[in-house]
Amino acid sequence: MGRKGILEMAKKRILSGMRPSGKLHVGHLVGALANWAALQDEYECFYMVADWHALTTEYENPSGIKTNIKEMVIDWISAGLDPKKCTMFVQSQVLEHAELHLLLSMFIPLSWLERCPTYKQQQQELKDKNLSTYGFLGYPVLQAADILVYKAEAVPVGEDQLPHLELCREIARRFNFLYKSVFPEPQALLTRAPKLLGADGRKMSKSYNNCVFLSDPPQVIREKVSFMITDPSRIRANDPGHPDVCTVYGLHKIFTSPKVDSITADCKSGKIGCVACKKILSESLIERLKPIQAKRKDLEANPKEVARILKQGRLSAQKITQETLKEVRKAIGL
Ligand code: TRP
Ligand code: SF4
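Per my numbering, residue 447 is the first one in the sequence shown, and the count goes up by one each step.
As structure tokens, then:
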């Protein structure tokens, strides 16, 4: 076994996934990507594009999924996921996820899925879609299969995914009880990331059309920042401001961190106006995104590279998933 193999053996294995939503925004960067990149040295990491999960809600209009996968993976690599250190792959290319999902579905009581809080919530939020489907009810089962098929010990996720992870642990326990102890119960590696607000003061999200994208050129960033809402009680530039209610300030805390104390003081005392303050923020953002955008440019000029990385990822993933499925079939007696 090579040096890499021996090192990998000592590391804990983790898996996480993202639905392919196309180009990513700075909320994804601070919420997940920077954390994923930081975990690469310490863990054996599997990062998955959850395209089947996307299909559970986009089944009527799946035509964008393919381009979204490519754009998202370009952003992953540009933001620091290194194919030499982690495995990036597309869920639908590793068929064992589907086989395990099917096998798990045999013994999961419907009530476990119906009471999962994200099920009702999402149906409420996405009212324009019919999500009373078999596939959507099984969303957490597919997610459990994603995790268990790698026997991952931990899963880096945000708080919103904790119910799915809890369900995954229950599913692992039930499998181990019914057949044979095959699966470890995966732990959550909770990402305590600040929730970034978008230009309109709501959570930054593509569906609100209020995002700064990792790929936005400097001029677009300046323009978007100039339209962000600030402290509404500030009318004149020298009125004393309240940074804690200001969207721009929330972004300063992350992207202008060394200077944030002076910004706080200058805002409160009315020494700095919002126009000047926003200029500082757009320059900080531009600076932070510069290396990411340079890397994106390289990858765009070299489209085969992304395909090569994903193929390599698929092969590494399959080595593990095929072994797990052998063990699973045997445990069930198939
Ligand atoms: N449901 C997750 C989300 O929407 C994406 C996902 C799919 C995932 N499979 C996963 C996350 C496995 C962690 C582990 O963000
Ligand atoms: Fe927000 Fe800056 Fe204006 Fe203060 S000065 S309200 S922090 S934009």
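C-beta atoms are modelled at their ideal positions from N, C-alpha and C, and glycine is treated no differently.
| field | Simplified DSSP assignment, three categories, for T502 | value | helix
Counting pairs of beta carbons, one from the region 486-495 and one from the region 525-542, are three or more of them closer than 8 Å? yes
Point to revise | At least three beta-carbon pairs within less than 8 Å, the region 620-629 to the region 751-764 | key: no
Does the distance between the C-beta of L461 and the nearest non-hydrogen atom of the ligand TRP fall short of 7 Å?
yes
* Candidates K705, L594, G644, S703: which alpha carbon is nearest T676's? -> G644
- Taking the alpha carbon of F701 as the point to measure from, which residue in E751, S730, D690 has its own alpha carbon closest? S730
- Which ranges does the beta strand (DSSP E) cover as unbroken runs of at least 3 residues, wholly within the region 631-696, from first to last along the chain? 633-636
Pull up the CB-CB distance for M518 and P466, whole angstroms please, since I reckon it's below 8 Å. 5 Å
Beta carbon of M534: closer than 7 Å to some heavy atom of the ligand TRP? no
At a cut-off of 7 Å, would you count Q607 as near the ligand TRP, judging by its Cβ distance to the nearest heavy atom? yes
Is the closest heavy atom of the ligand TRP to the C-beta of Q569 under 7 Å? no
For G584, count the other beta carbons within 10 Å of its own beta carbon; 16 or more makes it buried, fewer makes it exposed. Which is it?
buried
- Exposed or buried, what is T502 when buried is set at 16 or more other beta-carbons lying within 10 Å of its beta-carbon? buried
**Asked** Per DSSP, T533 forms a beta bridge with which residues?
**Response** F492
- prompt: So, is S509 buried or exposed, given that buried needs 16 or more other C-beta atoms within 10 angstroms?
  reply: exposed
Residues bridged to R734 by DSSP?
Answer is none; R734 lacks a bridge partner.
Could you tell me if the beta carbon of K458 falls within a distance shorter than 7 Å of some heavy atom in the ligand SF4? no
When L611, D606, K652, N507 are compared against G468, the one with the closest alpha-carbon: K652
Considering Cα atoms alone, identify which of H698, E751, D707 is closest to V472. H698
Is V587 a contact residue of the ligand FAD, with contact defined as CB to any heavy atom under 7 Å?
With respect to the ligand FAD, the structure offers nothing, as its ligand set consists of the ligand TRP and the ligand SF4.
Self-check item: Three CB pairs or more closer than 8 Å across the region 738-752 and the region 708-728
Solution: no
Would you check if there are 3 or more beta carbon pairs closer than 8 Å linking the region 568-582 to the region 592-609?
no
Exercise. Roughly how many angstroms separate the alpha carbons of S538 and A634, rounded to a whole number?
Worked result: 24 Å
Grab the span of the alpha helix (DSSP H) containing R620 for me, first residue to last. 608-624
- Mind checking which residues open and close the alpha helix (DSSP H) that includes S703? Note, S703: premise wrong, no alpha helix (DSSP H); not H, not E.
Check your understanding: Can you tell me the Cα-Cα spacing of W482 and V721, whole angstroms?
Key -> 34 Å
- [ ] With a cut-off of 8 Å on the beta carbons, I'd call H547 and L613 a contact; round off their distance for me.
- [x] H547 to L613, Cβ: 13 Å. No contact.
ask   = The alpha helix (DSSP H) spanning D559 covers which residue range?
value = In the sequence under discussion, the amino acid at residue 559 is Leu, which differs from the Asp named in the question. Looking at the DSSP string, the run of the alpha helix (DSSP H) that includes L559 is 556-560.
Problem set entry | Cβ-heavy atom distance, Y505 to the ligand SF4, below 7 Å | no
Tell me whether the beta-carbon of C562 lies closer than 8 Å to the beta-carbon of P632. no
Every unbroken alpha helix (DSSP H) inside the region 726-780 [4 residues or more] = 749-778
Report task. Tell me, to the nearest whole angstrom, how far the beta carbon of E599 is from that of I460; I am working on the premise that it is less than 8 Å. Result -> 7 Å
**Message:** Taking 8 Å as the threshold (C-beta atoms), are V536 and D497 in contact?
**Reply:** yes
State the beta-bridge partners of H471 as determined by DSSP.
F659
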